[in-house]
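Take a look at the structure below.
There are 2 protein chains.
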Amino acid sequence: MASKRKRLLVDDRRDELIRLGTKLFLKLPYDQISMDELSQRLKISKGLLYHYFPSKKEFYLEIIRTISEDFLKKTEVVSEEIDPPERLKKNLDLYLSYVEQHRPLFLVLHRAGASGDAQAHAIVESNRQRVFDQFAATLGEDFLTPSLRLSIWGSIGLLESTAVEWASNGGPPKEHLREMLWKMCSSVIEIGMVNSLEETKPKP
Amino acid sequence: MASKRKRLLVDDRRDELIRLGTKLFLKLPYDQISMDELSQRLKISKGLLYHYFPSKKEFYLEIIRTISEDFLKKTEVVSEEIDPPERLKKNLDLYLSYVEQHRPLFLVLHRAGASGDAQAHAIVESNRQRVFDQFAATLGEDFLTPSLRLSIWGSIGLLESTAVEWASNGGPPKEHLREMLWKMCSSVIEIGMVNSLEETKPKP
DNA sequence: TTTCGTTATTGACTCAGATTCAATAACGAA
DNA sequence: TTCGTTATTGAATCTGAGTCAATAACGAAA
Chain G
301 MASKRKRLLV DDRRDELIRL GTKLFLKLPY DQISMDELSQ RLKISKGLLY
351 HYFPSKKEFY LEIIRTISED FLKKTEVVSE EIDPPERLKK NLDLYLSYVE
401 QHRPLFLVLH RAGASGDAQA HAIVESNRQR VFDQFAATLG EDFLTPSLRL
451 SIWGSIGLLE STAVEWASNG GPPKEHLREM LWKMCSSVIE IGMVNSLEET
501 KPKP
Chain H
301 MASKRKRLLV DDRRDELIRL GTKLFLKLPY DQISMDELSQ RLKISKGLLY
351 HYFPSKKEFY LEIIRTISED FLKKTEVVSE EIDPPERLKK NLDLYLSYVE
401 QHRPLFLVLH RAGASGDAQA HAIVESNRQR VFDQFAATLG EDFLTPSLRL
451 SIWGSIGLLE STAVEWASNG GPPKEHLREM LWKMCSSVIE IGMVNSLEET
501 KPKP
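Chains G and H, in that order, are what the protein sequence lines are. When you line the first sequence up against the working numbering, it's residues 301 to 504, in that order. When you line the second sequence up against the working numbering, it's residues 301 to 504, in that order.
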């Protein structure tokens, strides 16, 4: 090979590796692509890849983390001024917008972890926790009963599952789906609230 | 080693390997346990393991399949006589009973779906499809609009996510949760139905 | 009981792919 | 132009999946 080394700044190289790596892992699952092929496609030597990331898995995890953070950045509502019902609607809108604009990333993130890996799972799980907190915040309740927790997780599952189906097989336009989900989530939370009251009420 | 070979009937050995293997994969994720260690803990040689299963992954998949089939067997409603609303309730009851009685298996099954492995994902996905069909059957509609499909998948996500939270961190007793979920799912489907009507209606 | 055929079972071997490391060379500073 | 730093390389090593010829447990036949 005509050894034409290209020396880049550490951060630039690192960013590029993550950017290109994302595309690669998007096409092929973790254990379907070797470090040899990975480095070839990245146009660098295997050794260099190890210079930047301590292991194959760590490289992969770094990519998942990056996608994850980007997702959060794009879906978290900044203003806490808006009142709860509208905030939920805004949340749903951002969520669906992300799904619409980054379909493949969203699906990768949803499947998360290669090889049922515990760490990848943990990353995606902490992501869900943030979404949970967002939801919880729109309720204004400062103490969550078990029923309320369950309804929030239920809403999230509802949202995720619907979004996956929507991303995979299509459906109504975003605004339409958003309205539908808004009603569904509101209703689910409402039911959770009622049950929550019953829980705290002393038994007859 | 005092070579005390134990010769078993093929089917007996195979069943035992799957039974014990389930426990092992329950404790450790796929790539955290090698075929060497696996065979050691199974008290057999590595070669024998390969005699029964063509590869490590195939061994793992066989276990996932077994859990999966057992899950379906225990949660599918046999009688189609019961009318829809009661059938949904019965479905939810069976689902939650399984979660309650086989918590670790349920969680493994849930995670396998999130695993990067395409085949494991496919198994769990076909499982979900069966649950989808169950749900769809309780509706009695013979044609599903996109909105209706989305609501059913939404209900399933709601159910799964709630069940995972319940299995992980506890909550109300089964009957209580079942009633709550029943209301939630009914409501979600109801909303889906309304939207479904709007879809088929010509625009004003 | 003894012999014999079948095949469940073994352990040492191979091989692919992850990880390591000493040597090299691109770039900036002096 | 020289020199020091360190990004970059390729070959060597190590780990763990998968192979296979040899072994021995069991049942059947004598």
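Positions of the beta carbon are idealized from the N, C-alpha and C atoms, including for glycine.
- Residue ranges of uninterrupted alpha helix (DSSP H) with 4 or more members, entirely inside the region 421-469 of chain G and ordered along the chain, are 446-469.
- A distance below 6 Å between beta-carbons, with the five flanking residues on each side excluded, links serine 447/G to the following residues of its chain, in chain order: Gly492, Asn495, Ser496, Glu499.
- A Cβ of chain H is located within less than 8 Å of the beta carbon of proline 329/G.
- Taking the Cα positions, glutamine 419/G is about 39 Å away from arginine 387/H.
- For the region 437-469 of chain H, the set of positions with a beta-carbon nearer than 8 Å to some beta-carbon of chain G reads Pro446, Ser447, Arg449, Leu450, Ser451, Trp453, Gly454, Ser455, Ile456, Gly457, Leu458, Leu459, Glu460, Ser461, Thr462, Val464, Glu465, Trp466, Asn469 in chain order.
- With at least 16 other beta carbons inside 10 angstroms of its own, aspartate 417/G counts as buried.
- With a cutoff of 8 Å on beta-carbon distance, alanine 463/G and leucine 396/G are scored as near each other.
- Under the 8 Å criterion on CB atoms, lysine 474/H is classed as non-interfacial with respect to chain G.
- With the criterion set as a beta carbon lying under 8 Å from some beta carbon of chain H, the members of the region 482-503 of chain G are Lys483, Met484, Ser487, Val488, Ile491, Gly492, Asn495, Glu499, in sequence order.
- When the beta-carbon positions are compared, alanine 467/G and arginine 411/G stay at least 8 Å from each other.
- Residue-level contact by beta carbon fails for arginine 430/G and chain H, as no gap is shorter than 8 Å.
- For aspartate 315/H and isoleucine 452/G, the gap between their C-alpha atoms comes out near 40 Å.
- Rounded to whole angstroms, the gap between the alpha carbons of proline 472/H and methionine 484/G is 22 Å.
- C-alpha of glycine 470/G to C-alpha of arginine 478/H: approximately 31 Å in a straight line.
- Residue state for leucine 392/H is assigned as helix, using DSSP reduced to three classes.
- Interface annotation for the region 335-362 of chain H against chain G: empty, criterion Cβ-Cβ distance under 8 Å.
- Looking from the CA of tyrosine 398/H, the closest CA among Glu490/H, Leu338/H, Lys474/H belongs to Lys474/H.
- Isoleucine 363/H and phenylalanine 325/H do touch by the CB rule: their CB atoms are close to 6 Å apart, below 8 Å.
- DSSP places isoleucine 363/H inside the alpha helix (DSSP H), whose first and last residues are 356-375.
- By the CB criterion at 8 Å, arginine 365/G and isoleucine 423/G fall inside the cutoff.
- Looking at the backbone, the Cα of tyrosine 352/G and that of leucine 407/G are separated by about 27 Å.
- Per DSSP, the unbroken alpha helix (DSSP H) holding histidine 476/G starts and ends at 474-500.
- In this model, threonine 375/G and tryptophan 482/G are separated by some 16 Å (Cα to Cα).
- Around the beta carbon of glutamine 434/G, a 10 Å sphere encloses 16 or more other beta carbons of the protein chains shown; the residue is thus reported as buried.
- With contacts defined by Cβ atoms closer than 8 Å, glutamate 465/G and arginine 449/H form a contacting pair.
- Counting only Cβ-Cβ distances below 9 Å, arginine 403/G has no contacts in chain H at all, with the closest Cβ about 16 Å away.
- Assignment of serine 345/H by DSSP, reduced to helix, strand and coil, places it in the coil class.
- A distance below 8 Å separates the beta carbons of leucine 439/H and proline 384/H.
- A direct Cα-Cα distance of roughly 14 Å separates glycine 347/H from arginine 313/H.
- Pairing leucine 409/G with isoleucine 344/G gives a Cβ-Cβ distance that is not under 8 Å.
- Closer than 8 Å to the CB of arginine 411/G there is at least one CB belonging to chain H.
- When DSSP states are grouped into helix, strand and coil, leucine 328/G belongs to the coil group.
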